[in-house]
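Novice: Just passing along the structure, written as structure tokens.
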Amino acid sequence: MIRVAHTRPRLVATLAAALALAAAACGGGDERVAGGLSDPGDLRGKTIGVGSLGDMSTLETRYLLQQGYGLDVSLGGGDVTISESPAESLPTLLEDGDIDAAVLGSLGAFRLLEDERFRVLSQVTAEVQELTGAPVMSSILVTYPEVAEQKGDALGELNRMLAESVTYFKANQDQVIEAVAAEQQADPEFLRWWWDRQGLALGDSSQEMQEQLLKVWETAKAVGDIEDYPELADVLFSGDEGAPSMAMKADRTTVSLALLDDPSRRAALYAVQQGIVTSDSVDVDLTYLPFSTLIEVAAARQYDVIEALPLVVPLGAARDLDFVVLSGALQDLSGTLLFVRAEAASD
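The sequence shown runs 4 to 350 under this note's numbering.
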């Protein structure tokens with residue numbers, strides 16, 4: 004059985020401060036690559052606009068500028084100025100010359116690729132992967148030690164359901180995209196473009212997923228966003244956290260799951276939501292939340308499992324907020340792009 008809820012955003016200042024660097028971002032291929040400004044190294048002394056100082060696309064970009072082009076990306080004053088503005092305002096700021104480049108992914112990038120006023124200076128994610136040798140794990144599913152202890156069997160079953168939902172989506176992608184696009188009034192062409200640039204790791208706790216997660220933590224440490232990170236074995240769900248029989252004592256166990264509210268997540272969970280993938284022992288209480296609310300509920304423990312940014316684990320550990328990594332969620336394969344004005348070559 005599946006129950007779906009929708010919650011309006013509520014921003015808690017204390018949590019936002021605690022997890023300020025753990026903001027989410029969704030962030031391709033053979034898009035128009037900029038001439039003129041020959042590479043991101045030419046942005047020395049310039050201003051780069053981002054939707055959030057703490058989102059994954061910003062982390063990717065800063066890492067690329069530092070490791071690939073030798074720029075100081077310190078937020079307190081480096082070789083470039085990182086300017087935070089609402090993502091939807093970045094194209095206007097870029098066109099007006101208020102910023103020199105803009106980091107965009109998801110729908111924002113999709114729209115700018117069709118706009119001749121702008122061009123791509125860097126396919127950021129693709130370049131980062133060349134440096135790290137791994138896809139960017141852009142979000143993960145986390146739970147809490149007490150939930151892992153009380154609902155260990157149910158969480159293992161949830162992972163199975165999520166993995167099967169991913170398998171269903173991959174086998175029926177066109178059908179699912181059309182259904183979700185109609186339901187959410189989304190552009191199916193955008194969803195197809197998006198999924199060509201993303202990987203699904205829901206329910207995946209494999210060694211490969213673990214290595215990708217560690218790469219993100221190493222990246223964040225390299226640019227100074229975190230001082231250290233825990234041993235992954237100490238925070239990874241194993242199914243052996245305790246009381247494996249507890250989920251068997253009741254007829255069924257409910258697991259509450261909160262994900263980012265966007266059409267891509269709904270497509271990934273389509274088979275669960277539609278009752279195509281089911282369980283004999285677990286009911287999933289599924290809630291889609293705006294990003295700001297996901298930050299809030301991470302510390303409030305309102306849900307058994309939440310989608311979070313990879314940095315929530317080391318940042319939480321530094322503030323006595325303990326999380327258990329249940330599985331991966333989304334991988335950014337080639338979604339984050341760095342745009343400049345089309346006439347920037349002659350500026």
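Positions of the beta carbon are idealized from the N, C-alpha and C atoms, including for glycine.
Taking the straight line between their C-alpha atoms, what separation do you get for residue 304 and residue 289?
Specialist: Straight-line Cα distance between these residues: approximately 15 Å.
Novice: Please list the segments of the beta strand (DSSP E) lying wholly inside the stretch 86-148, counting only runs of 3 or more residues, in order along the chain.
Specialist: For the stretch 86-148, whole beta strand (DSSP E) runs of length 3 or above, ordered along the chain, are 104-107, 121-126 and 139-146.
Novice: Which two residues bound the contiguous alpha helix (DSSP H) that contains residue 192?
Specialist: Note, residue 192: alpha helix (DSSP H), 191-199.
Novice: Quick check: residue 262 and residue 310, are their CB atoms within less than 8 Å of each other?
Specialist: Yes, these two residues count as a Cβ contact at 8 Å.
Novice: Report all residues from its chain with a CB closer than 6 Å to the CB of residue 52; omit the five preceding and five following residues, and keep chain order.
Specialist: Only 86, 88, 93, 96, 102 and 105 meet the Cβ criterion.
Novice: Taking three-plus beta-carbon pairs below 8 Å as touching, is the stretch 275-292 in contact with the stretch 200-216?
Specialist: The stretch 275-292 vs the stretch 200-216: no contact.
Novice: Residue 342 by DSSP, collapsed to three states: which one?
Specialist: Three-state DSSP puts residue 342 in a strand.
Novice: Between 235, 292 and 54, which lies nearest to residue 329 when the distance is taken from Cα to Cα?
Specialist: Here the closest residue by C-alpha is 235.
Novice: Please state whether DSSP places residue 280 in a helix, a strand or coil.
Specialist: Here residue 280 sits in coil by DSSP.
Novice: Around the C-beta of residue 188, are 16 or more other C-beta atoms found within 10 angstroms, so that it is buried, or is it exposed?
Specialist: The residue in question, residue 188, is exposed, as its Cβ has fewer than 16 Cβ neighbours within 10 Å.
Novice: Along the beta strand (DSSP E) that carries residue 321, what are the first and last residues, could you check?
Specialist: Residue 321 -> no beta strand (DSSP E), and no H or E assigned at all.
Novice: Helix, strand or coil, according to DSSP, for residue 171 in the structure here?
Specialist: Here residue 171 sits in helix by DSSP.
Novice: Could you check where the alpha helix (DSSP H) with residue 179 kicks off and where it finishes?
Specialist: Per DSSP, residue 179 belongs to the alpha helix (DSSP H) from 176-187.
Novice: Check whether the Cβ atoms of residue 338 and residue 108 sit closer than 8 Å, and answer yes or no.
Specialist: Result yes, Cβ atoms of residue 338 and residue 108 sit closer than 8 Å.
Novice: Helix, strand or coil for residue 72, going by three-state DSSP, please let me know.
Specialist: The answer is helix: DSSP assigns residue 72 an H, G or I state.
Novice: Using CA atoms only, rank isn't needed, just tell me which of 61, 218, 165 and 190 is closest to residue 258.
Specialist: Of the candidates 61, 218, 165 and 190, the one whose C-alpha sits nearest the C-alpha of residue 258 is 165.
Novice: Starting from residue 236, trace the alpha helix (DSSP H) in both directions and tell me its first and last residue.
Specialist: Taken as a continuous stretch (DSSP letters only), the alpha helix (DSSP H) holding residue 236 covers 235-238.
Novice: Could you compute how far the alpha carbon of residue 199 sits from the alpha carbon of residue 184?
Specialist: Each residue's alpha carbon lies about 16 Å from the other.
Novice: Could you check how far apart the C-beta atoms of residue 114 and residue 343 are, in whole angstroms? I think they sit under 8 Å.
Specialist: Wrong, their Cβ atoms sit about 16 Å apart, outside the cutoff.
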